[in-house]
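Residue numbers (this note's numbering), protein chains in the order written: chain A, 57 to 497; chain B, 57 to 497. Just so it is clear, CB atoms sit at the ideal spot from N, CA and C, and this is done for glycine as well. Written out below as structure tokens is the structure these notes cover.
So this is what it looks like as structure tokens:
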């Protein structure tokens, strides 16, 4: 791989020692020694050489007064597209936008997705040691702008990748709504030939603390070698860089605005830990959905739904507005505690039910399960037509309802499908270790 | 204290040994020995004696074929209301409803609040060793039915208790909306003479695993001896019974539908751990609001607000409905990630701002802080009038907005007050240990 991204002094020094992107080099300067993989430059200064160290971080070092040595020639830095390459298309990377493997153009300050196969391999040369990747830029959408229509297009693209022989598919996605998309993909497939791995990054690639390289590398490991046919979100598992966690797509939530381990399973155990250094997938459970012969796609969503988060003082007339004026066909209520709203809502809920709207109850606690048989309010709400939705996350129940309503008109069948465990979104058995620990000293 | 709640065989046996409620007794039966405080009966079977053991749990034991001994006469089981009792009114317990210290009437199955002073002391005789309590049944409302009007009444009752000389006030409250009420009380007082402790229970008093006794006992300890003048939620800190945590009222959230340690601080450290066995308050921080000479009450709420939780596919016209048709004066948006919605909302937000509605952004991640300067969408939303609300919880921001709108008409002043840290609801410095740990092996 040429040194095209380098210029000036850095290009001179690297050319002299015959180094190419992907080779291992060592830079020694003022008693500090940095050894690692030569990365493409993303600095606007022409004396900076970018090296990825063993810990997964990139560091930029000036070649001024430095001694630069070529340690190992690896010839990795180009896509293996040659004829007779039997690893062709093992892992497909579908790019939808977001900051993962985006390229910062320092001249303009703009971040643009950089997911041609060549750019990915430039960015992460080790990928070639793991799998043959191919890529597709499906679209370039900030994930807060993602819509149910986009979900369908992503699902179709995933289906195509498996049809073309991919072992696993990676969907690069912004983190804001990644969990919603993961649910949508999970409900869109009745059986998958391999893993569908959603991955994003919480810190963009130009920052030293970026989680992009580790998340992407471990996603390639997972997509190629995980034994399941499931949609997962694969992101940093803890604040250090030891492993990523592959969370079931319908049981995961972004729980922090900025931490790299923002994504966590709620009311469930993740499917696997991925140790990117050891290139190892450690399964945390055996009850995953196995790979199927065929990936069966059925992706349709009706977004005439609403997510209603209850709070004290809320005006119940919102229900009538939604059902009467906006033709909303179903409401997911994010109630309090075990699944409650004020009993002032009973009359509105009764009316909405009578008109055929589905009303499903989840909890704003997020952890735990709704139980509407313990207190009077829960029983009254059920009599008014509200259906307790077990331990489903509010967001997941909403996406599921969009899918169900696009497939069923009959309200009894809608209810029955909402309570059918389609993709592991309902977990009937909770373990104490699903609830995280807060420690204060 | 008489044995009035006992009848039949149990009454006979207890009368014979001269035991009264609050005394320490020992029951030996089939090689099992149970020692503890004699509690009022709540069994419908007349052979059951109820004993509270050292671990805080109540156990019911049949006196059939048992040997029952009086170990220690304590004379605790009656309220210390005698003249010349200088501990009069040290701690006031205001009952608003919920399952804490409720009394199950086995004949009807109904749960009714049982918070006359006498019943509290019957239920928890050790209270007399800690403080002189008095009590008031303010109302009996399931917390899901609590309204802003109720918040004002509770605040007035708290004010009255301090005016009458209480050192601290306990508000017994259902857990569903306890965190909302805690915020409302925190914003209602500019200065407090002592701790206001909200307490509830996740398991009702008739269940052996009830958290009622420990939560109530530790709340009495806290209300009497904590050095702060703040509103806190005091509930089980972990699944075992070692301690409770006193969470700042504006930084706490019910995070589990059923666990006893459901309440946890978000983006903050709790104020204190309370070790009920040792009767000790261990402060976890020193930056609490100190006690004031006077409790200054200013409790008004305008509930022409809405909490809008964004999701992909949401129809932006809801904003117009809220502002135009429902005269909503402010919307708290629960956006994605660092504080985003789809850019489809920009036009609606611009219109709403022009009409004087306040728009505030929080994150559905809950943990972390919104930052609307990182990505283009955030900047555009700010230009459209959306105000980033730091690390405030969505629910807390909503209650705060109700309070602010009841005090200010001018939208610039509303904005400025929303960004003023009134009761510790904004935490400018986060520590890594605010984020809990998920551990999977």
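If we define contact as Cβ-Cβ less than 8 angstroms, is residue 209/A a contact residue for chain B?
no
Please list the terminal residues of the continuous alpha helix (DSSP H) segment that includes residue 296/B.
Here residue 296/B belongs to no alpha helix (DSSP H), and DSSP marks it neither H nor E.
Does the beta-carbon distance from residue 357/A to residue 217/A come in below 8 angstroms?
no
N-terminal and C-terminal residue of the beta strand (DSSP E) that residue 116/A is part of
114-118
Under 7 angstroms by beta carbon: chain B residues contacting residue 491/A:
312 and 315
Mind checking residue 129/A: buried by the 16 CB within 10 Å criterion, or exposed?
exposed
Quick check on this structure: which residue in 466/B, 368/B and 388/B has the alpha carbon closest to the alpha carbon of residue 208/A?
368/B
Report back the beta-carbon spacing between residue 268/B and residue 257/B to the nearest angstrom; my notes put them in contact at under 8 angstroms.
4 angstroms
Can you say whether residue 373/A is buried or exposed, counting buried as having 16 or more other CB atoms within 10 angstroms of its CB?
exposed
Residues that DSSP places opposite residue 392/B in a beta bridge:
396/B
Between the alpha carbons of residue 304/A and residue 227/A, how many angstroms are there, rounded?
14 angstroms
Please confirm if the region 242-259 of chain A is in contact with the region 378-392 of chain A, defined as three or more CB-CB distances below 8 angstroms between the two stretches.
no
What residues in the region 446-460 of chain A bring their beta carbon closer than 9 angstroms to a beta carbon of chain B?
447, 450, 451, 454, 455 and 458
From what residue to what residue does the beta strand (DSSP E) around residue 228/B run?
224-228
Contact the region 395-402 of chain B vs the region 191-206 of chain A: 3+ CB pairs below 8 angstroms:
yes
Beta-carbon proximity list for residue 455/B, same chain, < 7 angstroms, skipping 5 on both sides
236, 239, 240 and 243
Does the beta-carbon of residue 343/A have 16 or more other beta-carbons within 10 angstroms, so that it is buried, or is it exposed?
exposed
Helix or strand or just coil, what does DSSP make of residue 212/A?
helix
Relative to the alpha-carbon of residue 322/A, which residue among 146/A, 345/A, 446/A and 392/A has its alpha-carbon at the smallest distance?
446/A
Where residue 162/B falls: helix, strand or coil (DSSP)
Annotation note: pLDDT 46 at residue 162/B (below 50); position unreliable, no value reported.
Below 8 angstroms, can you find three or more Cβ-Cβ pairs linking the region 184-192 of chain B to the region 284-293 of chain B?
no
Interface residues of chain A around residue 232/B at Cβ under 7 angstroms?
392, 393 and 396
At what residue ranges does the region 244-294 of chain B contain a whole run of the alpha helix (DSSP H), taking only runs of 4 or more?
268-281
Just reading off the beta strand (DSSP E) that residue 328/A is part of, what are its end residues?
328-331
Would you mind stating whether residue 339/A and residue 353/A have Cβ atoms separated by less than 8 angstroms?
no
Counting only Cβ-Cβ distances shorter than 7 angstroms, please list the residues of the region 316-335 of chain A near chain B, keeping chain order.
318, 320, 325 and 326
Top-ranked residue by Cα proximity to residue 122/A, from 325/A, 114/A, 81/A and 93/A:
81/A
Would residue 204/B pass as an interface residue toward chain A - the criterion being a Cβ-Cβ separation below 8 angstroms?
yes
Whole-angstrom Cβ separation of residue 106/B and residue 114/B, contact assumed at under 8 angstroms?
6 angstroms
Within the 8 angstroms Cβ cut-off, does residue 236/B reach chain A?
yes
Beta-carbon proximity of residue 375/A to residue 405/A, cut-off 8 angstroms:
yes
CA-to-CA distance, residue 102/B to residue 66/B, given in whole angstroms:
6 angstroms
Between residue 324/B and residue 483/B, is the Cβ-Cβ spacing less than 8 angstroms?
yes
Between the Cα of residue 273/A and those of 249/A, 393/A, 283/A and 298/A, spot the shortest distance and give me the residue it belongs to.
298/A
Rounding to the nearest angstrom, what Cα-Cα distance links residue 362/A and residue 195/B in this structure?
34 angstroms
Residues of chain B with CB closer than 9 angstroms to the CB of residue 425/A, please, in chain order.
313 and 314
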